[in-house]
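Before any comments, here is the structure.
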Ligand code: B12
Ligand code: SF4
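In the working numbering, the protein residues as written are 1 to 500.
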């Protein structure tokens, strides 16, 4: 192996190159109509720059090929972001490509999925995986490299143990105070700003006001990584961030409006400072919204349009219980009412279990009609790496590719068989407003859209039409003949957590 672990060449003047890889799979789900900035790396860039390092961020979805940056930046460290499990293979391919052209440069991988489940990333092309917040972990890696110290002395990183597993260097994780890096270094992504969008909301800016979630939904990898803790940015820092960005904002927080008094104080301060946006999208829970309409009232003046994305998940209380959602459909009905009364757009997601029969789909459709939930999406129940559910389901997984962990592929045989399952799944999607042959035609989408965004919207909407065609899913239905998750690459690394 080359690189830091084997004492590869190190430079004293640290220039870090941070890369957002190109996901191969943006054919299904949110990836079809969202293009979002790599906020995590902008925070890491800010942390590194505060320590006197130089940084280049390249969003490879829109930037020049990676070789250009290696050649022009001469980086002393390369960081690759691995946010979604579905991007695992692309991250590994990118690491191998960099190692080939520049064998001496240390390569670290970080981001949500890597921190939640480091095992697949610890190939010979990756020197370490950061399991702590990148602001602290990458700064510590850079410092170790500058001082010529080995990475096994850096807290918050996981290293291959040479025996198909890994070990984590002891140290605190997920305890960094978010205000230690008050504002992200957004100038690094300025060249691609107009590429970042959610449908016609363009350019869109991503803002984080809190990190983590105290709930325990069985399918979710967030709470398990953050150990159910929530950290908050100070009101001053969030207001400064809001003031510094444009008019269309997606809030990254997993649970908006959590900690009511702080949320209310933040809304009041934004209003007091005269900060008002055109559009905001926030994510929250139905029980929280149903219980606290006053929070929605407090936030209402902050933007002309506000959409709330609810984790709706199920149309029955039994369905919610089976996902450990700790809420009820009564709260769903109440939250939808509260949000609509206060002129919030209601969006969200339902989870569809491969174990479902026809009547389960029918129950969902009736629920959607009853509450007019046509702006919702539908995902297939997926055991995400880093969850207990993944460990439990691992022996049943027949998936061969990480790209299929996009919540739109079947990872094991469904009860109805794949043909019927996907027919009904697509029938469900056809009920959504994304269906251009359904309740919201293209001309309705175009109303009020600025001409400069029209083509962009058209292309995004065209991509979403795949969601409604069973043949697209069936073409990619590909399970190993025997249900062994080990068919995934790299084969031997999917054996569960091997932390020592
Ligand atoms: C924004 C977002 C998106 C954006 C994309 C963002 C982007 N830049 O590309 C959009 C809306 C497109 C999206 C889509 C999807 N998403 Co998403 N998304 C998020 C969200 C809400 C916020 C991420 C974020 O920016 N957080 C704020 C920044 C500051 O934190 P961060 O990214 O984690 O960065 C920190 C560390 O991770 C680390 N770090 C980050 N990058 C790097 C790089 C290096 C080198 C290092 C060392 C460290 C490091 O340091 C940073 C600072 O501490 C997260 C939830 C979450 N809280 O993470 C879900 C989340 C990541 N998404 C998720 C899912 C499931 C999806 C979809 C599959 C959903 C769907 N229905 O289709 C799609 C897949 C899209 C696709 N096909 O590619 C899951 C991931 C599950 C998994 N394990 O794979 C999450 C965790 C949500 C959840 N509650 O389950 N998503
Ligand atoms: S409420 Fe949302 S972020 Fe929190 S555990 Fe459940 S799905 Fe995850």
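Ideal placement from N, C-alpha and C gives every residue a C-beta, glycine not left out.
This one's a predicted model, so the numbers in the text were calculated from it and none came from an experiment.
Across the structure, residue 352 and residue 152 are spaced so that their CA atoms are roughly 42 Å apart. According to DSSP, residue 307 shares a beta bridge with 281 and 345. Apart from the 5 residues on each side of it in sequence, residue 117 sits with its Cβ closer than 6 Å to the Cβ of 385 and 386 in its chain, given in chain order. With three or more CB-CB distances shorter than 8 Å, the stretch 459-468 counts as touching the stretch 430-446. Residue 81 has 110 as its beta-bridge partners, per DSSP.
The three-state secondary structure of residue 275, taken from DSSP, is coil. In the three-state reduction of the DSSP assignment, residue 167 falls in the strand class. Each residue's CA atom was taken as its position, placing residue 195 and residue 318 some 41 Å apart. A residue is called buried when at least 16 other Cβ atoms come within 10 angstroms of its Cβ; residue 79 meets this threshold and is buried.
Just measuring C-alpha positions, the residue of 393, 64 and 109 sitting nearest residue 84 is 109. Taking every residue with its beta carbon within less than 5 Å of a heavy atom belonging to the ligand SF4 gives, in chain order, 213, 215, 217, 220, 222, 223, 254 and 311. For residue 213, there is no enclosing beta strand (DSSP E), as DSSP marks it with neither H nor E. Within 8 Å of the C-beta of residue 25 there is at least one heavy atom belonging to the ligand B12.
Taking C-beta separations shorter than 6 Å and ignoring five residues to either side along the sequence, the partners of residue 128 in its chain run 108, 151, 157 and 159, following chain order. Its chain contains no residue whose beta carbon lies nearer than 6 Å to that of residue 369 once the 5 sequence neighbours on both sides are disregarded. In the structure shown, residue 129 adopts extended strand secondary structure according to DSSP, grouped into three states.
With the rule of 3 Cβ pairs closer than 8 Å, the stretch 135-151 counts as touching the stretch 46-66. Taking C-beta atoms under 8 Å as the contact rule, residue 155 and residue 169 qualify, at a distance of about 5 Å. Taking the Cα positions, residue 423 is about 29 Å away from residue 283. The closest heavy atom of the ligand B12 lies less than 8 Å from the beta carbon of residue 43. One thing to note: residue 66 has its Cβ within 9 Å of the Cβ of residue 19.
Per DSSP, reduced to three states, the secondary structure at residue 205 is strand. For residue 54, the enclosing beta strand (DSSP E) starts and ends at 54-59.
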